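In the working numbering, the protein residues as written are 19 to 199.
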Amino acid sequence: MTKHGLTSGGIRSALDKLDNLCLIKQDSTGVWRLANPGMQAWLHLLLTTNDPEKAEHLRFGEWAEPTSKQLVLTKAVLRAAEQLNITTAELAPILGVGRTTVNHLVSRNYELSPAKKEWELGALFVRMNIALDVLVSGSQADAQKWLNSGNAALGGQKPIQLIPTIEGLVRVVQYLESVDK
């Protein structure tokens with residue numbers, strides 16, 4: 019047994035599978051990478067698991083743990099906030115939650131719940147970020163500038179001042195999605 023709970027036979031078996039299933043190729047920058055990026059996750063799980071039975075039964079294509087829709091939306095919300103330079107204090111009212119909840123989201127101790135208002139607000143916030151990203155052609159600096167500048171179509175208000183309310187967030191999303199068309 020290794021310190022990770024694998025037998026030497028289990029490691030040999032895994033390496034044989036890796037040899038048979040994993041090809042490497044050179045990317046456009048000249049760096050050699052695994053042809054299948056998921057294989058990295060599989061190999062990491064294989065070598066770090068404390069469950070030898072789980073490691074022994076891994077098969078190609080089964081290396082990734084399922085990702086929940088809660089985790090996907092939570093990550094998307096946090097990424098949008100980061101891209102828009104929105105602080106945890108600013109994000110809390112946008113999601114309709116307290117600062118403590120946002121801190122738990124950031125530390126991965128909590129995920130947005132589909133059964134709560136935060137879910138719909140989070141999805142709306144991500145929609146806003148996507149529409150804004152299209153409008154500014156992917157420029158984070160321009161997106162941040164737009165968010166913090168007065169907008170005649172929004173009554174001269176700054177979108178950052180509107181989005182902490184449901185009404186304001188919906189209004190900003192509707193505006194961005196209408197401009198995008």
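Even glycine gets a Cβ: it sits at the ideal position worked out from N, Cα and C. Every value quoted in this text rests on a predicted model; they were computed, and no experiment measured them.
When DSSP states are grouped into helix, strand and coil, Lys163 belongs to the helix group. If you ignore the 5 residues before and after Lys176, its C-beta comes within less than 8 angstroms of the C-beta of Leu165, Asn166, Ser167, Gly168 and Asn169, all in its own chain and listed in chain order.
Around the beta carbon of Val115, a 10 Å sphere encloses 16 or more other beta carbons of the protein chains shown; the residue is thus reported as buried.
If you draw a 10 Å sphere on the C-beta of Ala161, you find 16 or more other C-beta atoms in it, and that means buried. The shortest C-alpha to C-alpha distance from Lys163 to any of Thr106, Leu150, His122 and Leu172 is the one to Leu150.
Apart from sequence neighbours up to five positions away, the residues of its chain that approach Ala141 with a beta-carbon distance below 7 angstroms are Leu91, ordered along the chain. Distance from the CA of Val95 to the CA of Thr106, rounded to the nearest whole angstrom, comes to 11 angstroms. Membership of Leu96 in the alpha helix (DSSP H) is indicated by the continuous run Lys87 to Gln101. Annotation for Val120: the continuous alpha helix (DSSP H) segment containing it runs Arg117 to Val124.
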